[in-house]
Structures are given as C-alpha cells and as structure tokens.
Amino acid sequence: MPETRFVPFIEYHKRFLVWWGLLLFCCKLGSRRQLDFDLRDAATQVLANVNRLAGTQQRTLPVHDTLDHFLGHLGAAPLAALRTQMIRRLIRMKALDRLRLLGCFVIAVDGTGHLHFARRHCAQCLVRHHVAHDVYLHMVEEAKLVAPNGIALSVGTAFIENAEVPARADRDADQWKQDCEVAALKRLLPALKRAYPQTPFCLTGDALYACYPVIELVEAQGWAYVFTFKPGRLPAAWAEFQTLLRLHSEQTRRVMLPDGTQQVYRWASGVTVEARHNRLYSVNAVHCAETTAAGTTTTFAWLTNLPVTRDTVVEITTKGGRCRWKIDNEGFNLQKNSDLNLEHAYSLDPERLKAYYYLLQIAHLILQLLERGSLLRQLAREVGKTPRTLWGSLKNIARRLLESFRYHLLPPVDAATPRIQIRLNDTS
Ligand SMILES: [Zn+2]
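If you count the sequence shown from 1, you need to add 1 to reach my numbering.
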C-alpha cells in the first residue's frame, strides 16, 4: 500500500497573518517569495516576535502562499478600514496637528499607475493603445496627507478600473469611456468624507483638478482646496485674474528665503469660474514669482477657497499648493523606486492585488513614523549621532529592521509597560 503523507492543517490567527503581510513591506523584502527566505527561519526570533506583535501563540511560521490564500479570503476592505483606523488614531492623538494649514489637514490627490501587463490580465484592466502594442493597466487615485516635512500618508484610495467592458473593447479602446482619474475622484472624495466625517481637509492637486466639477465636489464635502492654476485649463478665469492683479497691485508680499531666493506673492479675490447652468464660483487666486540668487525666475499660480491675505498667503502656498508634489515624490516615486515595489504584481488575482496595495500603504505609514519620528533620533543621539550618520541612509533602516526582527526578541508589552510618545520631525 502506498504511504499516505499526512500534511497537518494549521490555522493561523488573522492578526498573525496581517502582521506577516505587513512585515513583507516593513522589511522591504520586494517580493512575496522572499518571505520564505528572510522570515521563515525557525532558528531566529521571528516566530516569537510576530506572536508578540499579534498577541498570538502560533507554533509554526507560514509559507508565503498561506498569506496569499488568506488575503483571498479576507479581501481588501478590512485592510482599507485598518488604514483608516490608524490615520484616525494619529489625528485623534494630535500627532499631526502641527502639519495643519489654517486648521485643515492637507490632502494631496493624484492618480498613478499601479501595475501594467502586456496582455489583458482581468476584466477591469484599462487599455492604452500604442503604435506597436496595447498596454493593460491598473491605476489608483490616491489621497495622501502631506506636509512640508515630507510626510505622505495614504488616507484614501479609489482603484481606477473598468466596471463593464464592452465586446471588442480591446480593439475599440479609444471609442468607449474607460474609468479615469476625475471619475475615480468622484468616488474617492465622498468615501473620504464618510471615513473622516468631522475632519477638516484642504485638498491640493495639479491643474487637472482646477475645474468646476472638482471644485463643486470639494465644496460639497465642506472642505478647502488649493489647486494649481494654469491659463490653458481655465482661460477666462486666468484673463480675469491678470486684470484683477493689475487693479490690486497693493496685494503683494515679498519674501527672502535663507538661500537668497526671492519670492513675490500677488493675489486676488473674486475670480470667476463658470459652472453648469450659469452657476458661478467665486474663487481666490495666488501668483508667485520666484527668483533664485542666480537670477532664474519661475512662476506658480494656485486657485483656492481659503482666505488669502498678507498674513496667510505664504502658509497657503507653502503648506498647501507646493505640497502637491509630495504625493508624487515622497508617495508614488518612493513606493515605486524602493523595495516597497509598488509596481510589482504581488498576486495576479485582482482582489488580492488591492489587499497587497493596502498592506503596502499601512507598512509605509509605519516606516514613515519610524523614520521621521523622535524615537530613532533619540536612539542615534544616545551614541552621539544623527539617524543619517548612524545608518548611512534611511534606506538602510529597513535592512536593520529585518536584522533586529530576526535576531532580537521584542520586549513583552503589557498593562505595566510605560507608554511612549513619538514626535514627528517638522522639517524634511
Ligand atoms: Zn487587470
């Protein structure tokens, strides 16, 4: 008789598996398979440490497929809810209060590519025609809490994907209306309002958003906005703005930065943006000409519903308008070009891909609190260094985190453990 091999069925607590998934990103392992090589090692402290984090008593370590299987059952929604819970907690404990702009948390919105495939991967893929071949895309519309100190915390996500795909969609991709950034924003903002009903937000984004459907949508949530203002996007409003600037030349403020850059701010109220059914929006607009010590001048302009005055103009542009870049630089680019590996297909299943997306966002939130928080600065100070001189670069921190996690047992946490407070850096 052939021998039947008995494979024990091990059930893992979901808290254990969520932590297991977060460690994939916190330790920047880069791919799911790497979990088996870096963290599935019985000779290390990994099992005991994950049990301590999760408050569980698992006796074995899972394989990477267990995580994937679990996420298939769990779905993405509970992880989205976990992210919201963590952001709400940070807001409630006032950890982010110093980042506020005139009382509001600044939320940058933008879309970005998540995954791309050479062949259709699922029914929801977006299709882009290129001369030689078609590309199948998954995109996201993100809302991130941003600040001049470089923080970019994910607070809301709408996946840009096609709900219904008509027959011959691939051939006629230019002929049918696919999902897009503005359509996704119309789902994202009301969802954000439901998740944070009492929190005052100020939205910031590029010129794509400086149009009446978006302004209307933001005002409907009771929020502020500071959007990039470009002549091509709203030509009539731009012409009116130029006239108003000439009429109110007294509304000017000059600022000299420590590096010798000179900024000249000019502003106007009552710029008209035309909406549907002859409805008009009266907005405020700011113009800034920035001249470096070497003599190069760059100009910027923004639209806002915040009150622009001599006292507020610098704060509105510094904490609001200019921070829209943080979602690209500290958000998308960092997540794509580091071992967080945003564009890696951690799974091929469309729902699991979303679950991994949220795990990545939560892990990045934890890493940002670690990298920008006071605990690391304090640790470096104890040996007479700064975090950068102690670890060489912030990139090395994930590697050190992995080493620590493998070889050092975390101290137990119970009711008697004193609470620790993390203060965030004000500057980048
Ligand atoms: Zn797809």
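All residues carry an ideal CB built from backbone N, CA and C; glycine is no exception. On a predicted model such as this, the values are computed, not experimentally measured, just so you know.
From residue i to residue j, what does the alpha carbon distance come to, in whole angstroms?
i           : j           : result
residue 81  : residue 255 : 44 Å
residue 43  : residue 62  : 8 Å
residue 14  : residue 79  : 15 Å
residue 154 : residue 332 : 8 Å
residue 8   : residue 41  : For residue 8, the predicted model reports a pLDDT of 48, less than 50, meaning its position is unreliable; a value from the coordinates is still stated below. So the two alpha carbons sit approximately 18 Å from each other.
residue 286 : residue 309 : 8 Å
residue 379 : residue 126 : 47 Å
residue 258 : residue 295 : 13 Å
residue 414 : residue 270 : 55 Å
residue 2   : residue 338 : Because residue 2 sits at a pLDDT of 49, beneath the cut-off of 50, its placement in the model cannot be relied upon, and the following sentence gives the value as read from the coordinates. Whole-angstrom Cα-Cα distance: 55 Å.
residue 131 : residue 138 : 13 Å
residue 244 : residue 281 : 18 Å
residue 393 : residue 377 : 13 Å
residue 277 : residue 371 : 47 Å
residue 352 : residue 214 : 30 Å
residue 366 : residue 249 : 44 Å
residue 73  : residue 354 : 9 Å
residue 185 : residue 179 : 11 Å
residue 227 : residue 417 : 46 Å
residue 197 : residue 29  : 30 Å
residue 33  : residue 160 : 22 Å
If I follow the unbroken beta strand (DSSP E) through residue i, where does it start and stop?
i           : result
residue 142 : 135-147
residue 285 : 281-292
residue 111 : 106-118
residue 269 : 263-275
For my contact list, residue i and residue j are in at a C-beta cut-off of 8 Å; report their separation, rounded to the angstrom.
i           : j           : result
residue 187 : residue 222 : About 11 Å separates the two Cβ atoms, so there is no contact after all.
residue 91  : residue 83  : That pair is no contact at about 13 Å.
residue 220 : residue 182 : Between residue 182 and residue 220 the Cβ distance is about 19 Å, and since that is not below 8 Å, they are no contact.
residue 272 : residue 301 : Rounded, the Cβ-Cβ distance is 16 Å, inconsistent with contact.
residue 59  : residue 118 : No, residue 59 and residue 118 are not in contact; Cβ-Cβ is about 35 Å, not under 8 Å.
residue 319 : residue 293 : No, residue 319 and residue 293 are not in contact; Cβ-Cβ is about 17 Å, not under 8 Å.
residue 344 : residue 116 : 6 Å
residue 46  : residue 410 : 5 Å
residue 64  : residue 37  : 6 Å
Are residue i and residue j touching if we call contact CB-CB under 8 Å?
i           : j           : result
residue 207 : residue 120 : no
residue 205 : residue 321 : yes
residue 307 : residue 211 : no
residue 363 : residue 100 : no
residue 328 : residue 109 : yes
residue 235 : residue 274 : yes
residue 203 : residue 314 : no
residue 350 : residue 31  : no
residue 356 : residue 76  : yes
residue 368 : residue 27  : yes
residue 348 : residue 66  : no
residue 268 : residue 252 : yes
residue 152 : residue 425 : yes
residue 157 : residue 140 : no
residue 209 : residue 190 : no
Got a sec: does ligand 2 put a non-hydrogen atom nearer than 7 Å to the Cβ of residue i?
i           : result
residue 179 : Within the structure as shown, ligand 2 is missing, the only ligands being ligand 1.
Just to confirm the assignment, what range does the alpha helix (DSSP H) spanning residue i have?
i           : result
residue 215 : 213-221
residue 375 : 375-383
residue 98  : It is not in any alpha helix (DSSP H) - residue 98 carries neither H nor E in the DSSP assignment.
residue 405 : 396-408
residue 390 : 388-392
residue 203 : First-last for residue 203: 202-206, but that is the beta strand (DSSP E), not the alpha helix (DSSP H).
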